[in-house]
Structure formats: C-alpha cells, structure tokens
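J.:
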Amino acid sequence: MTAPDTSAATLKRALAAIDQLQRDLAAARDQRAEPIAVVGLGCRFPGGVVDADSYWRLLADGVDAIQDIPPDRWNVDAFYQSEVGHPGTMTTRWGGFLDRIDEFDAAFFGISPLEAEAMDPNQRLVLEVAWEALEHAGHARMAGSRTGVFVGVLGSDYALRNFRRPDEVTPYVLTGNAHSIVSGRLAYLLDLRGPAVSVDTACSSSLVSVHLACQSLRSGECDTALAGGVNVMLSPLPTIGFSQFGMMAPDGRCRTFDAAANGFVRGEGCGMVVLKRLSDALAADDDVLAVIRGGAMNQDGRSTGLTAPNVMSQRDLLRRALDAAGVRPEQVSYVEAHGTATTLGDPIEAEALAEVYPAEPGAEWHLGSVKTNFGHLEAAAGVAGLIKVILALRHRAIPAHLHFERLSPLIGLDRPPFTVPTRLTEWAPRDGRRIAGVSSFGLSGTNVHLLVEEGPQRQPVEADDRRPLSVLALSARSEEGLRALVSRHREVLAAAPARLADHCWSANTGRMHFAHRLAVVAGTAEEVDAALAAATEQPAPAAARDPEVTFLFSGDGAGSPGMARTLYETSPVFREAIERCDELLPDPLLPVLFPARPDAADLRRPARSQPALFAVEYALAQLWRSWGVEPAAVLGRGVGEVAAACTAGVLKLEGALRLVTERARLAEAGTAGLDAFHRAVAEIGQAPPRIPFVSSLTGELQPWDRAPGAEHWSGLAGGPERFAEGVAELRGLGHHRFLGIGPDTTMLDDLDGDLLRLPSLRPGTDDWETMLGALAELYRQGTDVDWLGFDRGYRRTRVPVPTTPFVRTRHWYESASETDLPAPGPGSAAAPASAGEPLLTREALLALPPAERFDVLADHLARGVGAALSSGSAARRKAAGAAVQVGLDQPFLELGMDSLMAMGLRNQIRTRFGVTLPIAGLLQGASVRRLADRILALLDETDAPPAADAPAADGPATDAPAADDPTDALLAELERLPADERQALLAEGNDR
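In my numbering, the protein residues as written are 373 to 1364.
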C-alpha cells in the first residue's frame, strides 16, 4: 500500500510555525520600543518648589531663584576671590539652594534620630520626594512589587563636612553616606523588589537613571520604576574645584546661549518620576502625565579633553534617540537643552542640535534650559529639565528662558533653526502632536537624550452618584501630621473641588493608612469641610492595629417593609447578593422586601419574613466583606444563627436558605411540621467553621474541627436560647467590638458593658448614613478597609489630592572637628538629660509591690529605648535632641530600632535584671508592653537573683559589652550568639 502524501500537511505546519515566529518577533520588537508613561512625579527645587504646582508657578512666572550662598552652608567670605587662578578660592557667591535642608521626618520612615543624623541629606531627600511621587501617581501601596529604583547621585558633601575623625565613623555613617544606599534604602524601606541602582555619570546622572529605568521596564525586569536624581551642596570644595576650572559664572547666573554667557551657577534639589509601560498605565486607567517615546545614551570618547564635549558624539546621540523613539526631527517643537552657559559647551550643543533638528523659515522650534531659573543641579539637572517638559506639556505652554538677549556669537549659525522664548509661550502642536527633546550631558562624557510627548487625553467619565454619601478617610503617623493633612484637604476642596466621590476615592485608595486616623461621611464638599473642622477639635490617638470585629446577626421579628431598599437600589454588591437569594428561594423575595404598599402584611408571616430577613443579613455581610471588613467571630439568634453559620462557612448559601425556609414553614405549621423540618435539616450539607462561630443555641464556641450536625439545628425548632451566654463567651475570647448585621439595633441594645456597638442599619435613618457612619468609626478604631473594594462597581476618576505632610525635625551631626562650617538650621542640639536618676535594678524592681512592677518597668524601658534611639554612639555621646517618645504598644522596629541597638538593650537588661532575652524577641514585634511582660515573667520563674558569678544562658553577664562600648564590642558579641539567633539578627531587615 502506498503511504499517503503528507506534503500539504507539512507545508501547512511550516507556514503556521513561520507565522508564529513572525508574530513573536514583532511582539519582541514592539516590547523593546514600547513607550513609557510618566504617571507621577515629585520634586524639591530652589525657589520654594515643593511639588508640581509650585514648580510650574516658578516656571510660568519666570522666577530667578538664585541667592547668596547661605552662611549656614559655608563662610563664603573665607573662600571668595573674584579672579580666577587663586588656589583654594571660589569665584562665585551665589547658588540655588533648598530651605530647611537639616530637617527630615525620620519617624515617618521608621528611622531613629541616631541613624537619621548620620544620613546624608541626599538620602533623606530621595526618600521624601520618592514617596510624594508615588502618592502623586496614586501608587502608595508598592510593598512586594517589582518596582525598580534608579537614582542619580554625585556628591558626598555631608561626609566631607562632618565625619573627619576615625572615632566619628559608625555603621550609620557608612550606610548613611554610601551612594549605593541612596537607591538601596528606598527599595528597602518600601519593600520594592525590582532593580535598585545608584548612578553617577556626573551631570547626566538623573536623566541616565530615567533612561535605564525605561530600558528595565521594556525588558520586563520591573513593572514600575522610580527614577530621578538628587544633589546637595554642603561643602565649598566642589565649588572651589569648578572655580579653578573657570566654569563658574562670576555674576551667579546661567545665561545659556546668550552673548553674555560666562559659566554656570551651582544648584541643589531632587526630582523623581514614576514610570510604567504605557500599555500597563492605560490598562490601569492611570493619569498619564507624559510619554517617553524613546531615547539614547552614548559617550564623548576621545574628545579634546576629559571634560570637553564632542559635537560628533552629540549629533550621533540625537539621531539614535530619534530613531529609537520613531520620531521625525520636524515633529519636535521644543528642546530642553543641557545648557551650562559655558563658552565651550553652548556652541557645541547648539550646533549639534541645529544639524539634527533643521527647520524651514517660519517653522523654527523652541530652545530653552531650566538652568537659567535656578542653576545647574548637577546629579539632579536632567530630571529637573524632564519634569519642566512634562509640566509644559500638561499646560501646553513653554516657559521663558531667562537672561537671554541675543544669541552668542560663538554659536556659528547663520540662520538658527530655533528660537529662544523670553516669555511664557503657547505650545502649538505639530502634526497634531507636542513632542520635546530633553538633553543631559555629563562632565564624565556620558550623554543622554530623550524624546517626550504629551500624554493621551483622558476621556471624561460620567458622574456616578448612585451612592449619595462618601467617606473621606485620612491618616498620618502623628496627630500633628493628621492636622496638617486635614488642612491641606480643606484648602483643595475649597479652591477647586473635584467631584466629591472622586476626591474621596483618590485619597482613600492612593494613600497608605497609618495609626492616627479620622474619617468623615458627607455628601458635599461643604459638608466635608464642616466635618473635618469639627473632627480636628478632637484628639486622634494612635488606633489599635486592625482590631477584630464581631458580627452580630439579628433575630426573628426584626425588619419592616422596604428595609434596605436604598442599599438595594444603589449598591451593586448588595443588590447582587439579594438577587442571588431571590434566585434560590422557592417564593419571590423582592415583593416581600419592597412591597408596593408600605402596610403590606407579608412580613408578618414567618414564611415570608424569615427568608427576607436572612437575605438582608446575608447581603449586608457580603457588603461589609467586599469593603475588607471581615468578621473575627460571628453570633446570631433565630434566623441570625443561620446567617452567622453561613458567614462562618458552616453552611453554603443554598443550604442556609433551605434551612431558613423549612424553619419558616415550621413556624406557620406548628408541631405538625416537625418531622419535615428534621428530615430537611439532615439533608443539608455542613462543614467545620472557618472563623469562630458562637451559637446562641448552646452559648458556646463551635469546635474548629467539626460541623455542628443536624441535632444542633433542631434547636431552631423552638429550643431555649443562650444569647447572653454566647456574648459572654465572645467577651471571654477577647472580642469587644460588635457590628450589628440586620435591619435594626435590638441585639446591640441588649449588650452591656464597655463595648463598641455599631449598627449596619437603623430604622428611620438613611441606609447609607448608618452604614458609612459605622464604617468611618471602624476605620478610626484601626480596622483596615479595602477602599478599592468599597468603590468597586462605581465609576470613579483619579484626581489630584494632597500628599501626606511630613512633620520634619532637625537631624544634623554636630562634628567635634567642625570649625568654620556651621550646621544649617537654628541653634545646636539639646543638652543631654540629667544623669542623676538612679538606675532600676532587679532588686529594686522586686522590692516593689507586684501591682506596681509593670508600670515602673514599662516607664523605665520606654525612657531607655527612647534615649537609645536618640543619642549618639561610641566615642560621641552628645544627644541629638529630646529623647524619642515611646508608646506602650509601638513596635520598636517602626521607631528605628536596629540590630546594634537591640544588642545593646539586651545587654542592659541582662546586666540589670539577670535575665537573657533572644535578639529576635527584641526585633520581631517587640514593644514596651511585650518586653516588660516578658521580663516580669522570667523574674517570676526564679525564686532568687542569680549569684554574682553565675553565667547567663549564652555567656557571662560580666562579658557583655556595656552601653558605652564601641561598635566592635557589639560585633564581637554577635560572634558569640547561637546560630539561630545570629541568623534572626541578620535577617532582621526583612521584617522592618
């Protein structure tokens, strides 16, 4: 037999494989060239720039932010010399400076004052500005995400200025001044899992960082990226060096491209942008501020000098950037130049731009540089220019280029293809698009050029006012921070309010939620303002950590015609749950719940009222759970017993509805229906509870490992009720917060004692007013709410809302060797506290009455930990200010406790009280309360103090390093620890 001809099938398979390969190749090519969306930004620049709005005001108003060098940076008179060539002198008295560079909100980031004072302000600025950028994007919750960090950083002025003696160098100085830690600390504190890279290519560092971030996003290394740069001027040495080069402008102004250009003036600042792949940003409905179409990076190579630019390299850079971005030169209508205003750099840059971006007469493009506003920000210069372009695209206007009168004759162009705007100029599109080039060139010879386009316009979303009320949930690390945040929201809502629902959604979902909280319920901006004003008059102590809430389900007889109608009509989740019950019930549910006549008698019949009541309670529980409010335990009576069991996972919805239906029939049929009821109960499937289920039939907690059984539900046929015993059981288990799940407050009213009682619904009160009032109170009490789930099913648009205020205090290392370099900010550090207070010992503690020991020990520990977090270390023992105030339940890690501090504390406890605690116990979840309880428990286990020469569990107490020992003694102690403790100590950072 002849084999069948398979050539046609083979050919089809080959063609299919080729087609797939072509599609894969095209997808890979598209991925490598995918545009990158800028979805958020943060900045701190000279001239009082603290955010995008203040930056745009500076640009639009043409502000010159250059000032005299502040005396708290360095004594300029000691170094100034107007003529070039004098060794050790500088030829300028000016610069662009930030205010309050010595201040930082260390507590916000869980950093101790001791560590904060050793940190270079470069690191502090990056932390704060990056946080603001993420909040600006509405992306505050990034822990565990594949987010990359790319930061340009150049100088080490803080270390040059302050740490001159070997005995001043501590581990915190090492980490606080290393360039690698600028990006690493941000990734560590925010728990970001993408690449973390610090970049130093001199003046191009920040734009190189943005370029690298774009490449990382395109390659799939990360899904979101933080990119930018930072520069701080604290030492005169770099300015002296640039002066010796002859680069400094004697008059302190960057006159970029002008005939009077004579050098640059230095500046400082920080800028960060949040980047995502454009496809991801659009899918997430992010507000795309601008789109980075592409870019290129290269090196000058062997130019005329190490620091000299290369016109051929610049031309090649511009062409490759255009090619990578898929943009034609004639489509570019603005270029943000590097523009250092030097007699060598400006002509080379302008001539390279003119060759690559030619233009016909009348079609010139605009050329400018933000260095004319506040100087050359060096490692932050490129991102300052990028953010300027982003804001100009948003406002469709090009800011004025300052200090320009006529083009420099050194720029050899007969007819320049560009114009230099000297006033705020409308940005007209070309071919319907607004595209800009952004350049940044490094002293090292590393150059980068990006093509940036206006972001896509967001389509307006129709207002969704189905829910008439909104919740605005605000929080902060401290009461002071919360008050400041409230003030910001009141200002925004009063100035140009967005739709209230959008404002609240943006604030609730785009911010982290901290311990100091308030929440207000309102329907208008005016109502929010009044509620916020009233709320700020009340203290806002730190809330408990996600306190547990018990659901109490109402019993028979609750409810009335029309109950929960508003929720049914305006809540998608509630409506879906009700309609699911309606589908499963044998008789129609909606006519019973929402009768045409308010005096309808259906709810007076058990066969109708009990299924209706169950459906409302089930739907309420589903609504709360969709908001992230999960019950820690459940209890119900009558029909509520079944709803509680369904919520606990004991009964499926189908089984619960059948049980309720059979019970309702029994209530109408009397004893004649008992047999049918018992048969039905036996057929209903059950499971062990997934959450604590306390039964009002038994008054006890249902065991975790078994289902109640058919005999349990027989009690619903008329057995005794033990609701009071059930409540007592819950209270004995530590439950003190109760949320009523039902149409009335009867069950809650039956509770007594110091309990939190919140209803879901209240007769005669608007459904949403009651529900959201309870939700707001739970949030204030510390319950974590799923705010995305809260608005799921409604149309919402992200709008700008205030960022979290930082409550800054002074953190500055006072070097013993500082002579001519005063520290920024007022005054010096506070004097140490009095040392005359007697130390608490084991003997003194045990001599106290047992009832007083905890309070005395806790107070002693709180003050000791606070002092350890605040004071200096090793040979330097000068207090940095008032001791940190340590609360009873504040985790030590959140206060900035680290492994070295924990070892010192452990040694002090062992020396004074004769007990040895594991290091892990001082780092993982430790607080004053837990530590005091543990010490007292260990003391109770022994009848008498140990002998003076008795060794501790892991070594003699006398060998422990004292509090004043240098760090190497603590490191030696680390070597003596058991392996498990050593491993826990080294892994401590993962739990901070």
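Glycine residues also receive a C-beta, built at the ideal position from the N, C-alpha and C atoms.
Starting from ARG649, follow the beta strand (DSSP E) in both directions and report where the run begins and ends.
T.: Per DSSP, ARG649 belongs to the beta strand (DSSP E) from 641–649.
J.: Shortest alpha-carbon distance to ALA873 belongs to which of MET884, VAL900, PHE886?
T.: Out of MET884, VAL900, PHE886, VAL900 has the C-alpha closest to the C-alpha of ALA873.
J.: Run through DSSP, which three-state label would TRP503 get?
T.: It is helical.
J.: Exposed or buried, what is PHE617 when buried is set at 16 or more other beta-carbons lying within 10 Å of its beta-carbon?
T.: It is exposed - the Cβ of PHE617 has fewer than 16 other Cβ atoms within 10 Å.
J.: What residue does the beta strand (DSSP E) around MET669 start on, and which one ends it?
T.: Where MET669 is concerned, the enclosing beta strand (DSSP E) stretches over 662–671.
J.: Is the number of C-beta pairs between the region 696–715 and the region 793–802 that are closer than 8 Å three or more?
T.: In short, these stretches touch, since the Cβ pair count reaches three.
J.: Among GLU504, ALA1004, GLY613, ASP1124, which residue has its Cα nearest to the Cα of LEU1073?
T.: Looking at the Cα atoms, ALA1004 is the closest of the given residues.
J.: I need the straight-line Cα distance from VAL582 to GLY600, nearest angstrom please.
T.: Rounded to whole angstroms, VAL582 to GLY600 spans 6 Å at the Cα level.
J.: May I ask you to report which of helix, strand or coil DSSP gives PHE790?
T.: It is a strand residue.
J.: Tell me the residue span of the alpha helix (DSSP H) that contains CYS586.
T.: That run of the alpha helix (DSSP H) goes 577–591.
J.: Please classify LYS321 as buried or exposed, where buried requires at least 16 other C-beta atoms within 10 Å of its C-beta.
T.: Residue 321 falls outside the range modelled here, since the chain spans only 373 to 1364, and no answer is possible.
J.: Please state whether the Cβ-Cβ distance between VAL1179 and GLU852 is less than 8 Å.
T.: Closer than 8 Å, so yes.
J.: Using alpha carbons as the reference points, say which of VAL964, LEU844, GLY556 lies closest to PRO1388.
T.: There is no way to answer for residue 1388, as the model of the chain reaches only from 373 to 1364.
J.: Can at least three beta-carbon pairs, one atom from the region 880–895 and one from the region 940–954, be found at a separation below 8 Å?
T.: Segments in contact, no.
J.: Over what stretch of residues does the beta strand (DSSP E) that includes GLY600 continue unbroken?
T.: Segment 596–603, the beta strand (DSSP E) holding GLY600.
J.: Quick check: what's the CA-CA separation for ASP471 versus SER578?
T.: Cα to Cα, ASP471 sits roughly 22 Å from SER578.
J.: Have a look at GLU640, ALA1230, LEU1267, GLU1266 and flag the residue whose alpha-carbon is nearest the alpha-carbon of LEU1303.
T.: Among GLU640, ALA1230, LEU1267, GLU1266, the Cα nearest to that of LEU1303 belongs to ALA1230.
J.: Beta-carbon within less than 8 Å of PHE469's beta-carbon, same chain only, minus the 5 sequence neighbours each way: which residues are those?
T.: Closer than 8 Å at Cβ, skipping near neighbours: PRO418, GLN439, ILE441, PRO442, ARG445, MET605, GLY639, GLU640.
J.: What distance in whole Å lies between the Cβ atoms of MET1119 and SER926, which are believed to be in contact at a cut-off of 8 Å?
T.: Contact holds; Cβ gap of about 6 Å.
J.: Can the beta-carbon of VAL1022 be found less than 8 Å from the beta-carbon of ALA1059?
T.: Result yes, Cβ atoms of VAL1022 and ALA1059 sit closer than 8 Å.
J.: Could you give the residue range of the alpha helix (DSSP H) that holds ASN1279?
T.: Taken as a continuous stretch (DSSP letters only), the alpha helix (DSSP H) holding ASN1279 covers 1271–1285.
J.: Taking LEU779 as the reference, give the member of PHE886, ALA722, LEU689, ALA753 with the closest Cα.
T.: Checking every option, the nearest Cα to that of LEU779 belongs to ALA722.
J.: Assess contact between the region 1087–1095 and the region 893–907, defined as three or more Cβ pairs (one per stretch) separated by less than 8 Å. Is contact present?
T.: Judged by Cβ distances under 8 Å, the region 1087–1095 makes no contact with the region 893–907, as fewer than three pairs qualify.
J.: Using the C-alpha atoms, what's the distance from PHE1162 back to GLY1106?
T.: Taking the straight line joining both Cα atoms gives about 28 Å.
J.: Going by beta carbon distance, what residues of the same chain come within less than 7 Å of ASN670, once the five residues before and after it are set aside?
T.: Cβ neighbours of ASN670 beyond the five flanking positions: SER685, ASP688, LEU689, ASN819.
J.: With C-beta atoms as the reference, is VAL843 less than 8 Å away from ARG1167?
T.: No, these two residues do not count as a Cβ contact at 8 Å.
J.: Going by the DSSP bridge assignment, what does ALA1059 pair with across the sheet?
T.: ALA1059 is not bridged to any residue.
J.: What residues are listed by DSSP as bridge partners for TRP737?
T.: Answer is PHE790.
J.: Given ALA1335, which residues of its chain have a CB within under 7 Å of its CB, disregarding the five upstream and five downstream residues?
T.: Confidence in ALA1335 is poor, its pLDDT being 39 and thus under 50, which makes the residue's placement unreliable; the coordinate value appears in the next sentence. Once the five neighbours on either side are set aside, the close Cβ partners of ALA1335 are GLY1276, GLN1280.
J.: The alpha helix (DSSP H) that contains VAL410, what's its start and end?
T.: Looking at the DSSP string, VAL410 is not in any alpha helix (DSSP H); the run it does join, the beta strand (DSSP E), is 408–416.
J.: Bridge partners of PHE522, per DSSP?
T.: Bridge partners of PHE522: VAL569, ALA599.
J.: Excluding the five sequence neighbours on either side, which residues of its own chain have a C-beta within less than 7 Å of the C-beta of VAL541, listed in chain order?
T.: The residues are PHE535.
J.: Using a threshold of 8 Å, state whether the C-beta atoms of HIS773 and GLY747 are closer than that.
T.: In this structure, GLY747 does not lie closer than 8 Å to HIS773 by Cβ.
J.: By the three-class DSSP mapping on this structure, what secondary structure does ALA381 have?
T.: In this structure, ALA381 counts as helix in the three-state DSSP scheme.
J.: Run the CB neighbour count on SER576, radius 10 Å, all protein chains shown included, and call it buried at 16 or more, exposed below.
T.: Buried, by the Cβ-count rule.
J.: Is HIS1084 helix, strand or coil by DSSP?
T.: Note: HIS1084 maps to helix in three-state DSSP.
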